[in-house]
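Going by my numbering, 9 is the number at position 21 of the sequence shown; the sequence numbering is gapless.
Glycine residues also receive a C-beta, built at the ideal position from the N, C-alpha and C atoms.
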Amino acid sequence: MNDGKPNWWSRPSTPPEAARISTPSPAEEGDFPLQAPGPAESAVPEPAAEAPPAPTVDMTKEPAAAEPTPSEPAPAVTAPSEPAPAGAVTAAEPVPAPGPQPAPRPLHEPDEYRTPPYGEPGPWAPAPPVQHPAAPVPPPQAAVPPQGAVPPPQGPVAPHAWGQYDPWGAGPGAVPPPPRKKSRRGLALVGALTFALLTGVIGGGVGAYIERNGGIGTVELPQAEAGSADRAPDSVAGIAAGALPGVVTLHVSGGGSAGTGTGFVLDNRGHILTNNHVVDAAATSGDITVTFSSGETASAKLIGKDTGYDLAVVQVTGVRGLKPLPLGNSDDVRVGDPVVAIGAPFDLSNTVTSGIISAKERPITAGGEKGDGSDISYVDALQTDAPINPGNSGGPLLDGKGRVIGINSAIRAAGGSGEGDGGSGGQAGSIGLGFAIPVNQGKRVAEELINTGKATHPVIGVSLDMQFNGDGARVGDKGKDGTPSVTPDGPAAKAGLRPGDVITKVDGQRVHNGEELIVKIRAHRPGDALALTLTRDGRELTRTVTLGSAQGT
């Protein structure tokens, strides 16, 4: 290109080059049927044989007639038999030079303004690029030529197409420039921000849902793996497991009343120890049903009972696999020792509670509903805070080795002053004050009831003044029905006791009233010797008494 104009616009400016262009025939008057060239400048041609340099055209000079020089004849140009492809220059074979020919007439008159041919705009008023319709999209199977390559011609080009060609625009087959690639760093940043935003939104939604609903999916709570069911023998569970087979629940009916209590097996012969007030309704006639911890039931008969000790023995027959409970020694019990109580409070059989021994030798009395004193029991009891309620009566109180150390018999009711199941006043229920008959006393009475049907009571042979308000137990002036207050030839008479003496101690332990004296005496066996401390006429005396025996009821 020269001066920004394509080379193919130039007309021949030298005689040798002008001689190569054939004179158009009359039938071909008008413009040359040349095809508008594509973006040939950008194409990279394949390597070929080196061609002679193309002639240059000087658009500043007017075209001159081609005249052969004497030294170099002008070559003859012949038109090929067939038209050559558009844009191709075919060199004709050399032919003999004809005679002198007239100079060819220029196609156009010289333009003093050097206006390009065929009415194209001049340099003084450059026209904007001609806008053409979009090039047709090649079919999908057509291969896209590499960037910068010139696509092959798409069919013949019609003549006179110069008016539709824009030399400054892209050709009809030009490939549009590839889209500008976005920076990978920018895409990564946008992706990271989008991911963070989505994660925050989703996480917030999931968190709100979990907070409101407590979680998602099926609820499965954590749980410890199954362990061994065995427990240490001295634990509450171990003690209960060993003792429950020997504990029974008694249902008693008769005399227009019914009740529920507890008992425990004494031996393999079916003897069961319980409280007298549990079976008292069936003393003359009635039914006693025993239910074992396994659920097996059996009928029982009353063997013997004693009101003064509040103990009774019943027996079952035809029952196999009995589990007698071992008996401990209540004299070895100390305050603070752990204990376990088993019973059927409010008819809830096989109930296990635990606590400690909170006191010893606690004198209590129970009964007295008959009014004549014949049903009053005197117990030098073990006090415990293990919960005991109505229905626990007659059940065992066990030590840390599972041995029976007491027979649960009474509770102190809230707001009441009496003892027994529920006491004589107030609401029945445990307030942590339970009382049990020491097993040493219970063993002796049980053996007597089993062997003779009756129990004996230790006595000193005096009648006490139960209305005395002073400190101690006073010997009355007269006995019942006007009899002497000191039984002639009785243990007290032999020891030198007199009416009006006030007994203050038994074996060195203080007594504050007549009930406590009876409790302390009945805590021993007949034949035991006791040292009694007394006051007489302001003097303190000590007398030794050997306990006698009386038949219980």
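Measure the Cβ-Cβ separation of residue i and residue j and say whether it is below 8 Å.
i	j	result
Arg527	Phe423	no
Gly296	Gly331	no
Gly430	Leu310	no
Trp417	Thr372	Inspection of the sequence shows that residue 417 is occupied by Gly rather than by Trp. Result no, Cβ atoms of Gly417 and Thr372 do not sit closer than 8 Å.
Leu386	Ile345	no
Gly441	Gly251	no
Arg531	Gly484	yes
Leu290	Ala271	yes
Thr353	Ala374	no
Val266	Gly283	no
Ile395	Gly382	yes
Ile367	Ile425	One detail in the question is off: residue 367 reads as Val in this sequence, not Ile. The answer is yes: Cβ separation under 8 Å.
Lys358	Val323	no
Between which residues of its own chain and residue i is the CB-CB distance below 6 Å, once the five residues before and five after are set aside?
i	result
Thr475	Gly449
Val304	Gly258, Val278, Ala286, Ala288
Pro326	Ile344, Gly388
Arg553	Nothing about residue 553 can be read from this structure; the chain reaches only from -11 to 541.
Asp469	none
Ala511	Asp368
Considering only the alpha carbon of each residue, which of the options lies closest to residue i?
i	options	result
Val288	Ile276, Leu299, Phe280	Val is not the amino acid found at residue 288; the sequence shown has Ala there. The shortest C-alpha separation from Ala288 is found at Ile276.
Ser281	Val392, Leu232, Ala347	Leu232
Gly496	Gly515, Leu529, Gly467, Ala228	Leu529
Asp525	Asp516, Pro487, Asn256	Pro487
Glu544	Arg513, Thr492, Pro384	A question about residue 544 goes unanswered here, because the residues of the chain that appear run from -11 up to 541.
Asn256	Arg322, Pro210, Gly306	Gly306
Ala480	Thr541, Leu520, Glu504, Glu503	Leu520
Ser245	Val236, Leu421, Gly230, Asp268	Asp268
Ala329	Thr187, Asn439, Val235	Val235
Thr541	Ala212, Ser365, Lys348, Ile190	Ser365
Val224	Leu421, Thr339, Gly458	Thr339
Pro384	Ala214, Leu421, Glu199, Thr237	Thr237
Leaving aside the five residues before and after residue i along the sequence, list all residues of the same chain whose C-beta is less than 7 Å from its C-beta, in chain order.
i	result
Gly274	Val240, Ser241, Gly242, Gly243
Asp320	none
Gly515	Thr534, Leu535
Gln539	Lys442, Thr444
Gly467	Ser451, Ser473
Asn501	Ala461
Asp363	Thr295, Gly355, Gly356, Glu357
Gly458	Val490
Asn439	none
Lys482	none
Asn317	Asn428
State the CB to CB distance for the pair residue i and residue j, rounded to an integer number of angstroms; the pair is presumed to be in contact (CB under 8 Å).
i	j	result
Gly460	Val427	With a Cβ gap of about 30 Å, Gly460 and Val427 do not count as contacting.
Leu518	Leu535	7 Å
Asn377	Pro333	4 Å
Gly356	Ile227	Actually they do not touch by this definition, with Cβ atoms about 34 Å apart.
Could you name the residues of the same chain whose beta carbon sits closer than 8 Å to that of residue i, not counting the 5 residues immediately before and after it, in chain order?
i	result
Leu336	Gly379
Ile419	Ile399, Arg400, Ala401, Ala402
Leu437	Ile291, Gly292, Lys293, Asp294, Leu299, Ala300, Val301, Ala443
Ser537	Thr444, His445, Pro446, Val447, Pro514, Gly515
Ala229	Arg219
Thr471	Ser451
Glu562	Residue 562 cannot be examined here, being either before or after the span of the chain that is shown, -11 to 541.
Taking contact to mean at least 3 C-beta pairs separated by less than 8 Å, is the stretch 308 to 322 in contact with the stretch 209 to 224?
Two segments are said to touch when three or more pairs of C-beta atoms, one from each, lie closer than 8 Å; by this definition the stretch 308 to 322 does not touch the stretch 209 to 224.
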